[in-house]
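For the sequence shown, my numbering gives the first residue as 1, with consecutive numbering after it.
Each residue gets a CB set at the ideal place from its N, CA and C atoms; glycine is no exception.
Shown next, in C-alpha cells, is the structure this report addresses.
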Amino acid sequence: MVALFEPTWAIKAIYNLTPAQLKREGIRAVLTDLDNTLIAWNNPDGTPQLRQWLSEMKNAGITVMVVSNNNADRIARALAKLELPFVSRALKPLPTGINRAVRQLSLTKAEVVMVGDQLMTDIAGGNTAGVRTILVQPLIETDAWNTRINRFFERRIMKRMNKHHLIDYAEELNGKH
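So this is what it looks like as C-alpha cells:
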C-alpha cells in the first residue's frame, strides 16, 4: 500500500526544478497541483520567484500545466495573471485528470511528471496514472479547509514512510527512479 504513495523524487520546492534536470530525465511537461505547490493557497497572485521559474520553463520549451481538483472558475482566477493551461476537476487520486492532461499535450507518460504537495492526491494520482511523480513540501504550513482532512491521514502515511526512509527532500532531482 505504501508504494501507491511513494514519489519518484522528493524535493523541497517546485521552484528547485530546472530545465536541465527535467531534460536530463526526458521530461517535456510539468503537471502541477495548484494550491501549496505552485502558489500558496491564500496568495493567488504568486511570487516573483514563481514568475521567474515559469519564464525559465517557457524559454526552455517545457510546458507547465496545472492539474487540480478545484473547479475551473477557481483555477482560472488563480492563474489569470500566469496564463497557464489547466485541467480542472481532475479527480485525483484517480488518473482521470492526469490522463486528460497527457492527451491534451500530445505527449507520452514518460515525457511528463506530476508535481504536488500531497501524497493522497497528487502522488497517488500520478502513480496510478503511470507517470513519474515529485513530492514537494507545501509552500505554507496552513491549508484550505478541504485539504486539512487529507493532511490528517497523510501524516500517518508519512510517518510509516519516514520510518522506512522512503522520503528525503532534496534540493534537486537526484536521478532516483
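Whole-Å CB distance - residue i paired with residue j, under 8 Å assumed
| i | j | result |
| --- | --- | --- |
| A101 | V67 | 5 Å |
| V112 | T37 | Actually they are not in contact, since the Cβ atoms of V112 and T37 sit about 15 Å apart, beyond 8 Å. |
| T63 | A110 | The Cβ separation is near 15 Å, so there is no contact. |
| I14 | L173 | That pair is no contact at about 12 Å. |
DSSP state of residue i mapped onto helix, strand, coil
| i | result |
| --- | --- |
| D73 | helix |
| L79 | helix |
| L135 | strand |
| A40 | coil |
| A246 | Nothing in the structure corresponds to residue 246, since the chain is present only between 1 and 177. |
| A10 | strand |
Bridge partner(s) assigned by DSSP for residue i
| i | result |
| --- | --- |
| L178 | There is no way to answer for residue 178, as the model of the chain reaches only from 1 to 177. |
| W53 | Paired residue(s): none; W53 is not in a bridge. |
| V87 | V67 |
Member of the options whose CA lies at the smallest distance from the CA of residue i
| i | options | result |
| --- | --- | --- |
| V136 | A29, M57, D45 and E171 | E171 |
| N70 | N174, L139 and D122 | D122 |
| L84 | K109, P95, L94 and K58 | K58 |
| M120 | T47, L54, P48 and D33 | D33 |
| G26 | L107, N127 and T128 | L107 |
| Q49 | F86, L139, R103 and L105 | L139 |
| P95 | T133, W53, L54 and T128 | T128 |
| R155 | D117, R103 and K81 | D117 |
For this session: Mind the definition here: the segment 85-92 touches the segment 9-21 only if three or more C-beta pairs lie below 8 Å; say whether that holds.
Result: no
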